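Residue numbers (this note's numbering), protein chains in the order written: chain A, 1 to 991; chain B, 992 to 1161. C-beta: ideal position from N, C-alpha, C; glycine also. All of these numbers come straight from a predicted model, not from anything done at the bench.
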Amino acid sequence: MTRLKTAGALIGHTVERVEDAGLLTGRGRYIDDLPVRRDTAHLAILRSPHGHAEIRSIDTAAARALPGVFAVLTGDDVARLTRSMTVGVKANVECWPIARDRVRYVGEPVALVVAENRYVAEDALDLIEVDYETLPAVVDPEKALAEDAPVLHPSLGTNLINERSFRYGDPEAAFAAAAHRVSIRIAYPRNSCTPIETYGVIADYDPGEDAYDVTANFQGPFSIHAVISRALNVPGNRMRLRTPPDSGGSFGIKQGVFPYVILAAVAARVAGRPVKWIEDRLEHLTASVSATNRVTTLEAAVAADGRIAALSWDQLEDCGAHLRAPEPATLYRMHGNMTGAYAIENVAIRNRVVLTNKTPTGLNRGFGGPQVYFALERLVHKIADELGLDRLAVIRRNLVPANAFPYRTATGGLLDSGDYQTAIDRACAEGGLQSLQQRRDAARAEGRLYGIGYAAVVEPSVSNMGYITTVLTPEERAKAGPKNGAQAVATVAIDPLGSVTVKVASVPQGQGHRTVLAQVVAERLGLPLEAVRVNTELDTARDAWSIASGNYASRFAAAVAGAAALAADRIRDRLAAIAAAQLNVTADRIDFGAGKLFDRDNSDNAISFGRVAAASHWAPGTLPDGTGQTIRETVFWTPEQLEAPTATDGINSSLCHGFIFDICGVEIDRATGHVRIDRYVTMHDCGRILHPGMVDGQVRGGFAQAVGAALYEEYAYGGDGSFLTGTLADYLIPTVMETPEPLILHHETPSPFTPLGAKGVGEGNCMSTPVSIANAVADALGVEDIRLPLSPSRVSEWLYVEERPSSKPQDVAPVATGASGERLLTGAGSADVVATRESVWTMLLDPNTLKAIIPGAHEVRKVSDTHFRAEVTLGIGPVKGRYRADIRLSDMIAPEAVTLSGGTEGALGSGRGTGRVTLTETATGTRIDYRYEAAIGGKVASVGGRLLDGAARVVIGQFFQALARHAGGGGPPSAAAGLIQRIANVFRRRG
Amino acid sequence: MPRMNAAQRHGIEFTLNGRKVRAEAENRMLLSDLLRHEIGLTGTHVGCEHGVCGACTVQIDGKPARACLTLAQQVRGSDVRTVEALAPDPAELSPLQAAFRRHHGLQCGFCTPGILMSLDALLRERPDAGREDIREHLSGHLCRCTGYATIVKAALAAAEEQRKEETTNA
């Protein structure tokens, strides 16, 4: 395309952001700050404590009866008013935003409460009784494929929801002819960029028009609008979706708010009033979205000199419990650039998508890149090591040649521009690689652990909306019709006073779009920055938008800012024609500057911008014939390079391809296993830079998140599907102390495919940094199987293969995991009471006594002689909650022994177990021996896990203390602390 | 402390951004909810409601405090200051705020009010605060956008400016 001339004073300069004054003074308008109608109610969501369970029944009567509650909805209530959400592959599954007969992940919505405020709504959640029958869970993607694995969706009959194989070039021949075959296996963990603002939705329903009106801090892509409308069973024009002026970060994650748009919309319909929902942090960590975890085996056919002739990818993608739109897009976003920065002609790919008992996945900064590049760049390091070559030399040997752009990759991508060799040379020189190597050598000479890692990465941006259809077979695609392109839209409007407004559908979450658009449009119209005002709120009922609208795939600078420049230029051409007539010159002599239009050859011959600009409003009859209005111009721009997948599965999945080369130096503390990033150099080619300050801000922000992913962050699950990282004290986001400052370098090769020559930049370090850190750690330790996050405990495992037993004898059983993966507690103990066996026996079977002695009991009901129900409140660490216990007695030998078995169930978690109590006569009364085994899951296990063992001991100790007191005649033989100590002492490691 | 009842709202009088205010809240209401939803000052943001992220930081009697870990009833008689009080007037930024704008110390701005309240307290109490003091105080806050470097830079610039100002005034 023809490059627009942009040699002005604004584009490419770091100007102060127009967004900042409001945000710095507390005047931001995020979703929870927006005014709402006075009758707006609040929504709270009851969520599954189980990773996998059948729902036997839900009793909402008590919740409905609570004053202030307007409505309670279950999955069936929602289903009556909606349809299953669209699934992106052909598979016999339904996908609901709320569980119906089965829960498949911890945190899955089970019931909705609408009440006068959030406090009352959450009170009501505690009153809902759900009867679950737990099922075995599977959280490991490889185990989910096993013959005997629990199947999440019986209708599907398997957990493998999609499989496709691809072949480009002749990989078999290349492998057969190769001097070496080198392969690596990678298990990439789950993590999330976790914005500090959580999800929020305000929904209303107009029964008169059967229309929904929803405001949500959704980020796009607006293809999801179609999914929402279909699920709500209304045409798109009856599903008005709006976004707030400000959004507190997203990084892809706020794409995943859409199931809650559906739930809040239905809740508003049922409650007959607007409904507002603000997600809390536990909900966000447990049940919003994360990146996919992926198991990859990657093999290369390599010549003796390190040249890679072929790659063979085997990717097993774990999308969690449901395949939610736009998944499995994480697996396909990189499809056109599966060869990274390298010219590799032969590629085989096998892609499998598996469902597990974890939260459904979605967009997350880097989207598919971290998983792919972790395998590819670890492999390139390994190739060098196995062949005894220099790692940098192997990277260089395989790079796409600088004169080959635009370069068509084996899998169909079109790399727009670049000079990878020069970028790497500059990074090595300006980043001080030589001195870094000396530093490493010096450290090693002192016996310290120091390593250097590299990563060369192609960063795709501006997604082809058709790439996801690569998951379909060519036949299926032919049947469904081709999908391609990516419409970007911008509107430039001039009001009657001649001032300029820009409107885009880019939905920023802090990236400063308003500032950059003001720069671009002001420069093209010869105006000062502050003369242009930009609005980035989106309202699907009023604004120009399309499915590609939104803020994802780093599309802003390349596509949206470009569309705004094109719209400004259309207006500019018309303004020039109008001014030319008034200044008696030809239009090609008109220039724009300092708020004026003037004759380039005689700048005194000028007219003010405002006067020309307002003419379309005040005196349209005076415009030269054929000029057209200058009131408003909307440009939709979709690049021709974004074609549909070819019949042979070639796909140009993205319009732009930036380049990153990272150099990382790490030192590992031999004593603690702590990984310290000593030096980090990141070289970027993101095409033309529109605002250097913001570009560096994007790089630093992505880098910090990548450091988190590499060293600290993981969405961890227990084997039963319990979620183990439910607070920000468990899910460790780097603070300033853990975030090093990278050296950022730039090498600009403008994209020939975008109006301003810009490419995306925000996601690259999420792709390059985890693997460059891993490569550095591998270099330091000589370990091949590097798994993230590189926590001190994990690194210590590599440093010290076997942990030495503690010198201090352990008196507490360590955490054990049950067969189904729940947290297992076992214990035994005894207590002496001053009462006869018969009276102790009677007490143990009497509901009134039990109520008095069970810690936190509100009510104990005797259902039959051998069946009790109890309501108790227990606090475990920070988590205090109400539980319902169901206890059955068996193997009763009065008054000697009884077995208690049963379960507890509450909003905060669940437990089940058995205990055997025996009573023995002693000289002073009765000795009670007990032994128990319990498994605990749910929220309690995720946020209070570390405290559980101690808390269980305390609670059981309290029970027997109370029993002893109740038995009359003094307390137990030893003081309370002594008793607990004794109970603790008899805890033993479970065989 | 008057005797209170969980089922009822109780009046709370305190000073908010220099003005006496009177509000009503249930005992269990958090200060963050009182400020945002009862009084309508939405500049204080809620990010985690368990005291880790720091977005809700306000000043209570001059000291930074997590509004999400403070019950509204606890501020009876106290002097509470929020981000809305930092700018000298609506059209002007404080030196700290201006430094954040100049050095790109924010992107989405959601964590920013809490960070400003912490740094404002630090720079008032320790006008000589250097890089390490600033990092130490900033470590009680999570920011997902900036990678922190520009925040440190902005704070250092504001501290420097404040010291110059004081030297000039002295």
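Residues are counted here when their Cβ sits less than 7 Å from a Cβ of chain B; for the region 173 to 203 of chain A these are C193, T194, P195, I196 and E197, given in chain order.
The Cβ atoms of N162 (chain A) and L145 (chain A) lie no closer than 8 Å to each other. If you look at H858 (chain A), you'll find it in the beta strand (DSSP E) that goes A857 to S864.
The beta carbon of G687 (chain A) is closer than 6 Å to those of P750, S751, G757, A758 and K759 in its chain, skipping five residues each way along the sequence. Chain-order list of chain A residues neighbouring A1140 (chain B): R700, T739 and E741, by C-beta distance under 8 Å. Distance from the CA of A522 (chain A) to the CA of G220 (chain A), rounded to the nearest whole angstrom, comes to 27 Å.
Per DSSP, reduced to three states, the secondary structure at A310 (chain A) is strand. Under DSSP, the beta-bridge partners assigned to C656 (chain A) are A:S461. Within the region 529 to 543 of chain A, no residue has its Cβ closer than 8 Å to any Cβ of chain B.
Counting along the chain, R397 (chain A) sits inside the alpha helix (DSSP H) bounded by residues R391 to N398. A distance of 8 Å or more separates the beta carbons of S1130 (chain B) and T672 (chain A). Residues of the same chain with a CB within less than 8 Å of the CB of A99 (chain A), apart from the 5 flanking positions on each side, are S48, I55, G75, E108, P109 and V110 in chain order. For V372 (chain A), the enclosing alpha helix (DSSP H) begins and ends at G369 to L387. The beta-carbon of T727 (chain A) is placed less than 8 Å from the nearest beta-carbon of chain B. A distance of 8 Å or more separates the beta carbons of I651 (chain A) and A493 (chain A). Among the residues facing chain B, Y30 (chain A) is included, as its CB has a counterpart in that chain under 8 Å away.
Taking a Cβ-Cβ threshold of 7 Å, none of the residues of chain B is close to R514 (chain A); the smallest such distance is about 12 Å. Judged by their CB atoms, P1118 (chain B) and E1157 (chain B) are nearer to each other than the 8 Å cut-off.
For T918 (chain A), same chain residues with a beta-carbon under 6 Å away, outside a window of 5 residues either side, are A897 and D929 in chain order. Straight-line measurement puts the Cα of L433 (chain A) at about 25 Å from the Cα of I308 (chain A).
With a threshold of 8 Å between beta carbons, R1126 (chain B) makes contact with chain A. The region 691 to 702 of chain A and the region 735 to 747 of chain A touch, with three or more beta-carbon pairs separated by less than 8 Å. Within chain B, no residue has its beta carbon less than 8 Å from that of Q219 (chain A); the closest one is some 11 Å off.
By the neighbour-count criterion, in which a residue is buried when 16 or more other Cβ atoms sit within 10 angstroms of its Cβ, D779 (chain A) is buried. Using a 10 angstroms sphere on the CB of L1110 (chain B), the tally of other CB atoms reaches 16 or more, which defines it as buried. For E16 (chain A), the neighbours in chain B by C-beta distance under 7 Å run, in chain order, R1092 and R1093.
Under a criterion of Cβ atoms nearer than 7 Å, the residues of chain B adjacent to D280 (chain A) are, in order, E1040. If you check the CB distance, T86 (chain A) and L232 (chain A) do not come in under 8 Å. A residue is called buried when at least 16 other Cβ atoms come within 10 angstroms of its Cβ; V113 (chain A) meets this threshold and is buried. Taking G1002 (chain B) as the centre and dropping the five residues before and after it, the same chain places the C-beta of R1013 and E1015 closer than 7 Å to its C-beta, in chain order. V777 (chain A) is positioned such that its CB atom lies closer than 8 Å to that of G451 (chain A).
A distance below 6 Å between beta-carbons, with the five flanking residues on each side excluded, links P742 (chain A) to the following residues of its chain, in chain order: Y680, T682 and F703. Here I677 (chain A) is buried, its C-beta having at least 16 other C-beta atoms within 10 Å. For R365 (chain A), the closest of A:E345, A:N535, A:Y552 and A:T469 by C-alpha to C-alpha distance is A:Y552.
With fewer than 16 other Cβ atoms from the protein chains shown falling within 10 Å of its own Cβ, D891 (chain A) counts as exposed.
Looking from the CA of S864 (chain A), the closest CA among A:D886, A:N92 and A:R352 belongs to A:D886.
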